Amino acid sequence: MCRLSLACLSLLIFTTTIRAAEGPDLLPDSTAAVIKLMAPQKTLKQLSSFADSVQEGSGGMIKGQAGMLGLGISNPTMQGVDQSRDWWAGVFLNEDDDPAVVFVIPAIDTEAMGEALDESFTFVAHEKYGIYSDNDAAMELVQAHLEDRTSKSVASLASEQIKSQFEGSHIAVAVNLVLVKEVYADKLEEMREQMNEGMKEAQGQMLEVPGMNLDFLKDLTEKIADKIVVIVEDAEGYSNALTVTDAGINFKEVVEFTDGSRSAKYLAANPPQPATQLSKLPSEQLFYWNAGGNMNKINEWGLSLLPKMLDMSEEDAAEWKKLSAMTKKVNYEGMSGAFSLGDLQTGLVRTIALGTASPASQFRDAMAKAVELMDGMEISGMTQELSLEKNYEKVDGVDVDLMLTKQTMDNDPQFGGFQAQINQFMYGGDTIETRVAFVDDTHYLQTMGGGKELMETAVKAYKNQSADTDAVVSRDIKPLGENNFVLLMDIPTLVKQGLSIAANAPNLPPMPFDQDSLENLEIQRSYIGVSVATKDRACIGQLYIPVETFQAGASLMQFFQQIQGGNAF
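Following the working numbering, the numbering of the sequence shown begins with 42 at its first residue and continues without gaps.
Laid out in structure tokens, this is it:
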């Protein structure tokens, strides 16, 4: 009795410490890529629910396409397939052949699944999975892995970042870039040589541009090519994942780099930052963006480009060096911006930028020096006139400088006239007005277009943190988390405002709609979000589209259909 109890206890301990093999566990570490589809029952249910929230009744169409999944796994009738568990596939590479796909599909009846497949497939039943492929070599690798208890699975190679990507996502793909580079080493080297040859050929065919020194482009392209080579050499893994919730759709991409590599060290030195400055911009703007972190190197690099681009005298080059020295005394930490539409009379462009520059007084001096150096500069037949008036006006007790920019074409009056029309359209005249306000010792506001009124809006927002109280901005930026760069775009409102401007434009042909019909077009504000972030040795990109954007898209499609049918009025 005692022995029986011990045996039962040992069996219980053993079975609870060994988890059932999942799809990736059944694939060897020679698998180059792994693809996951969350349990089709769950995935289709979520997609159907999302579609119904966009447009009532459209969810049924998605459920009706469930049979298409069977075609994707070469089992059209989905005979023997378990749709309540996740589906998997592995990709195997051969330099001299097409990639091979091995399906790892959960089964409710492995025998029925095997019978449903075409004769060209090799099928193996393993536990509660059907594993099959039309590539014999790939199946031999999988079978050898299943028979060898010491064989490593592709799951053992997954980093925590990749595991996080796959967990909870509806569709996910992970690629072993180290293996890809090994298999295609010769082709990658050939591509590198072709890239270098193409660059040399392009450099030899560059046309001369009056007043410009194009040698800098040769150096720039070579440096970019070197950076690309480093990134490819350091890259270790890639993954992407698509996740659908009731609130929206999130697409996330991750590139991981070898620990200790140059790329990994660079990413670690530039961690993500909360977008706190963005909250100090006005609310209800069409676009928002925020770049976090120290920007000193970027500014220094930008200033170094212009002297290399232009044929400067020694005297002018020396003055640019002075400007560069002035800029190095300023610490730049992050920048945010916003964009909105104006009108055709005063100009369409309305931009606001909020930057951190300390001490602000030295940044102000550097800006004045830059205007002085760029005034009268000629580039490819275009002369640029700049002027700066300090303390031009006060806004809520804050001193505001005014910078005026005018561009004229010296030798091409036809193009010059076209440029003047563009400036009138974008800025409301041939002179671009830029206002700069130094709101405290470390921050400055810059506006373009909108006159003094836009600066008043910007200063008020800075003091009251307007965007921080904008519920729509807060809602749509939250899924992106902390990042190094983020862009929010209210595309539906942009389209509606653009249509309104076109409907009232006196110089445009009559539109098939009027202002009254646009008033009936109900669109909720929403922001498509794009972000880039670093995490340890990974670079992460995200695209988030809220459900409200899809709903607005459906409303716009209906509006345009009414226009085509002549029912817009």
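We treat Cβ as the ideally placed atom computed from N, Cα and C, and that holds for glycine. Treat the numbers as computed from the prediction; the structure is a model and nothing was measured.
Residue i - containing alpha helix (DSSP H), residue span
{"i": "GLN202", "result": "201 to 207"}
{"i": "ILE604", "result": "588 to 605"}
{"i": "ALA157", "result": "151 to 157"}
{"i": "ALA407", "result": "401 to 415"}
{"i": "MET180", "result": "177 to 188"}
{"i": "ALA379", "result": "No alpha helix (DSSP H) contains ALA379, which is instead part of the beta strand (DSSP E) from 372 to 384."}
{"i": "SER88", "result": "Reading off the sequence shown, one finds Leu at residue 88, where the question assumed Ser. Run containing LEU88: 81 to 95, per the alpha helix (DSSP H) assignment."}
{"i": "GLY111", "result": "109 to 113"}
Neighbourhood of residue i by C-beta, 7 Å cutoff - its chain only, sequence neighbours within 5 removed
{"i": "ARG578", "result": "GLU297, PHE298, ASP300, ALA305, LEU308 and ALA309"}
{"i": "ASN291", "result": "THR284, PRO520, GLN583 and TYR585"}
{"i": "LEU414", "result": "GLU360, TRP361 and LEU364"}
{"i": "ARG60", "result": "No answer about ARG60 holds up, because its pLDDT of 41 lies below 50 and its placement is not dependable."}
{"i": "SER596", "result": "LEU562, GLU563 and ILE564"}
{"i": "THR58", "result": "At THR58 the pLDDT is 33, less than 50, meaning the model places this residue with poor confidence; the figure from the coordinates comes in the next sentence. If we look at THR58 and ignore the five residues flanking it on each side, it has no Cβ neighbours."}
{"i": "SER381", "result": "GLN326, LEU327 and ARG391"}
{"i": "SER125", "result": "ALA80 and GLN82"}
{"i": "LYS169", "result": "PRO147 and ALA148"}
Close Cβ partners of residue i (< 6 Å) along its chain, the five nearest in sequence each way excluded
{"i": "SER89", "result": "GLY100, ILE103 and LYS104"}
{"i": "GLY644", "result": "No answer is possible for residue 644: the residues shown for the chain start at 42 and end at 610."}
{"i": "MET376", "result": "ALA332 and GLY396"}
{"i": "LEU182", "result": "PRO69 and SER71"}
{"i": "ALA409", "result": "LEU429"}
{"i": "GLY245", "result": "none"}
{"i": "LYS493", "result": "none"}
{"i": "ASN432", "result": "ASP440"}
{"i": "LEU427", "result": "VAL412, MET415, ASP416 and THR446"}
{"i": "PRO323", "result": "THR498, ALA502 and SER507"}
{"i": "ASP531", "result": "LEU327, ARG566 and TYR568"}
{"i": "VAL571", "result": "LEU528 and LEU584"}
{"i": "ALA407", "result": "MET367 and THR368"}
{"i": "PHE526", "result": "ALA332 and VAL573"}
{"i": "LYS293", "result": "ALA282 and GLN583"}
Where the beta strand (DSSP E) through residue i begins and ends
{"i": "ALA166", "result": "163 to 167"}
{"i": "GLN448", "result": "439 to 450"}
{"i": "LYS77", "result": "74 to 78"}
{"i": "ALA359", "result": "Per DSSP, ALA359 belongs to no beta strand (DSSP E); it is in the alpha helix (DSSP H), 355 to 369."}
{"i": "LEU134", "result": "128 to 135"}
{"i": "GLY105", "result": "GLY105 -> not in any beta strand (DSSP E); alpha helix (DSSP H) instead, spanning 100 to 105."}
{"i": "THR171", "result": "As written in the sequence, residue 171 is Gly, which differs from the Thr given in the question. Unbroken beta strand (DSSP E) run through GLY171: 170 to 174."}
{"i": "VAL145", "result": "138 to 147"}
Counterpart residues of residue i in DSSP-defined beta bridges
{"i": "PHE298", "result": "ALA276"}
{"i": "THR488", "result": "ILE393 and ARG476"}
{"i": "THR575", "result": "CYS580"}
{"i": "ILE420", "result": "MET423"}
{"i": "LEU68", "result": "BP columns for LEU68 are empty, so no partner."}
{"i": "THR284", "result": "ASN291"}
{"i": "ALA214", "result": "Looking at the sequence provided, one finds Val at residue 214 rather than Ala. DSSP output for VAL214 lists ILE76 and ASN281 as bridge partner(s)."}
{"i": "TYR468", "result": "For TYR468, which the question treats as bridged, DSSP gives no partner whatsoever."}
{"i": "GLU430", "result": "LEU443"}
{"i": "TYR585", "result": "ASN291 and GLY570"}
{"i": "VAL122", "result": "ALA148"}
{"i": "VAL436", "result": "VAL439"}
{"i": "SER194", "result": "PRO69"}
{"i": "ALA398", "result": "TYR373"}
{"i": "GLY388", "result": "ASP384"}
Close beta carbons around residue i, own chain, < 8 Å, minus the five adjacent residues each side
{"i": "SER365", "result": "GLU341, LEU344 and SER345"}
{"i": "PHE55", "result": "The predicted model places PHE55 with a pLDDT of 36, which falls under 50 and marks its position as unreliable; any figure quoted below should be read in that light. None."}
{"i": "ASP471", "result": "LYS447, ALA461, ASN464 and GLN465"}
{"i": "LEU53", "result": "A caution first: LEU53 carries a pLDDT of 36, below 50, which makes its placement in the model unreliable, though a value can still be read off. So the list is empty, once near-sequence residues are dropped."}
{"i": "ASP437", "result": "GLU497, VAL500, LYS501 and LYS504"}
{"i": "LYS349", "result": "ASN254, ASP256, PHE257 and ASP260"}
{"i": "ASP177", "result": "THR163"}
{"i": "ASP697", "result": "With the chain represented from 42 up to 610, any question about residue 697 goes unanswered, as that position is not in the structure."}
Within-8 Å CB hit, residue i to chain B
{"i": "LEU382", "result": "Absent here is chain B; the protein component of the structure consists of one chain."}
Legend entry - Segment contact flag, the segment 403 to 419 with the segment 362 to 374, C-beta cutoff 8 Å, min 3 pairs: yes
Inset, instruction - Could you tell me whether the segment 203 to 212 touches the segment 184 to 193, using the rule of 3 or more Cβ pairs below 8 Å? - result: no
Inset, instruction - Go through the segment 517 to 557 residue by residue and report every complete run of the alpha helix (DSSP H) that reaches 4 residues or more, in order. - result: 532 to 544
Inset, instruction - Run through the segment 287 to 353 for me and flag every whole beta strand (DSSP E) of 3 or more residues, listed as ranges in chain order. - result: 289 to 298 and 328 to 335
Legend entry - contact_flag[the segment 561 to 578, the segment 591 to 600] where n(CB pairs < 8 Å) is 3 or more: yes
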